[in-house]
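Student: One point on numbering: in numbering that gives the first Met the number 0, the residue at position 244 of the sequence shown is 243, and numbering is uninterrupted.
Each residue gets a CB set at the ideal place from its N, CA and C atoms; glycine is no exception.
The structure is given below, and queries will be raised subsequently.
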Amino acid sequence: MQHADYVPLHVHTEYSLLDGAIKIKELIETATAYRMPAVAITDHGNIFGAVKFYSAAIKAGIKPIIGCEVYVAPDGRLNRKSSSSGENAFHLILLARNMDGYRNLVTLVSKAYLEGFYYKPRIDADLLSQYSGGLIALSSCLHGEIPYYLSQGMIDEAREVALRYKNILGPENFYLEIQDNGIEVQYEINKKLQELSKELHIGLVATNDCHYLKKEDSRAHDILLCIQTGKTINARERLRFETDQLYFKSPEEMKAIQ
Ligand SMILES: [Zn+2]
Ligand SMILES: [Zn+2]
């Protein structure tokens, strides 16, 4: 049986507490149906699902990639004041490439809770430099540091951060991440990420930021977000995703997106 040539590298399971609706068993079943050779999990700030995910994937003959969408404190993990930009926790995808990377991921996530907790468990560039071995990083969604600066027209800052991560992880282990979830601003950011990729010789990777398994689960996920934020579905001012495209897409669906 031939494998599909697409591997999802940005997946939130139910361990992205109240922000992920994908059950690990169903994730592996779907990845098997799509003939994916490997699949990653990247929950928000934790790797609580790692053991369950690893065992289920191995059993199904799928290569498990243990990762995490960590929070990065822009002014250092020990700083518990609001940063000047108002952003206290940027997103960054970390993926373990090997056992060394897994151990470092465990350390980073633990220290994020023990040393960097401010609303969210946070690491910083300094900590990442100490524990970067065996890890691959992706620049993450619109809440990533680089996309954020690009959206603010702060190109120099975006460039500086991209070079910092390229330096910390090594040129082979840092990628700019493009996503197309039908969110208007993404098109502009993707263009800028592609320019940055060419200019700085940093690879590009396409992901889908999966938060639920099927497209029709988007409403259930919206309700989950309401539970997380203590709002009702009808509340006007509340956190909501502007798209129903954050589902676990098939290789064919991913390839069809241009
Ligand atoms: Zn994110
Ligand atoms: Zn995400």
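Tell me whether residue 140, by its Cβ, gets closer than 6 Å to a heavy atom of ligand 1.
Tutor: It does: the Cβ of residue 140 is within 6 Å (strictly closer) of some heavy atom of ligand 1.
Student: With contact counted as at least three CB pairs below 8 Å, one residue from each stretch, are the region 97–108 and the region 126–134 in contact?
Tutor: Touching, yes, given that three or more Cβ pairs across the two stretches are closer than 8 Å.
Student: By the three-class DSSP mapping on this structure, what secondary structure does residue 2 have?
Tutor: Residue state, collapsed to three classes: coil.
Student: Quick check on residue 34: does DSSP put it in helix, strand or coil?
Tutor: Residue 34: coil per DSSP, three-state reduction.
Student: Would the beta-carbon of residue 208 be found less than 6 Å away from any heavy atom of ligand 2?
Tutor: Checking every heavy atom of ligand 2 against the Cβ of residue 208, one is found closer than 6 Å.
Student: Are there 16 or more other CB atoms within 10 angstroms of the CB of residue 39, so buried, or fewer, so exposed?
Tutor: Buried, because 16 or more other Cβ atoms sit within 10 Å of the Cβ of residue 39.
Student: What whole-angstrom Cβ distance do residue 88 and residue 119 have, given they're in contact under 8 Å?
Tutor: Rounded, the Cβ-Cβ distance is 5 Å, consistent with contact.
Student: Leaving out the 5 sequence neighbours to the left and right, which residues in its chain are closer than 7 Å to residue 55 when beta-carbon positions are compared?
Tutor: These residues qualify, in order along the chain: 23, 24, 27.
Student: Tell me, please, which residues DSSP counts as bridged to residue 73.
Tutor: Residue 73 pairs with nothing; no bridge assigned.
Student: Based on the DSSP output, what are the partners of residue 39 in its beta bridges?
Tutor: Residue 39 is bridged to 64.
Student: Taking only runs that begin and end inside the region 155–214, name each unbroken alpha helix (DSSP H) of 4 or more residues, in chain order.
Tutor: You should have 183–199.
Student: In angstroms, rounded to a whole number, what distance separates the CA positions of residue 78 and residue 2?
Tutor: If I take the Cα positions, the gap works out to 46 Å.
Student: Which full runs of the alpha helix (DSSP H) of 4+ residues lie inside the region 84–117, going along the chain?
Tutor: Runs found: 98–113.
Student: Which residue or residues does DSSP assign as beta-bridge partners of residue 21?
Tutor: Answer is 12, bridged to residue 21.
Student: On the premise that residue 162 lies in contact with residue 175, defined as a C-beta separation below 8 Å, what is that separation, rounded to the nearest angstrom?
Tutor: Contact flag wrong, Cβ pair sits at about 12 Å.
Student: What I want to know is whether the C-beta of residue 90 ends up closer than 6 Å to one or more non-hydrogen atoms of ligand 1.
Tutor: Yes; taking the cut-off as 6 Å, the Cβ of residue 90 has a heavy atom of ligand 1 nearer than that.
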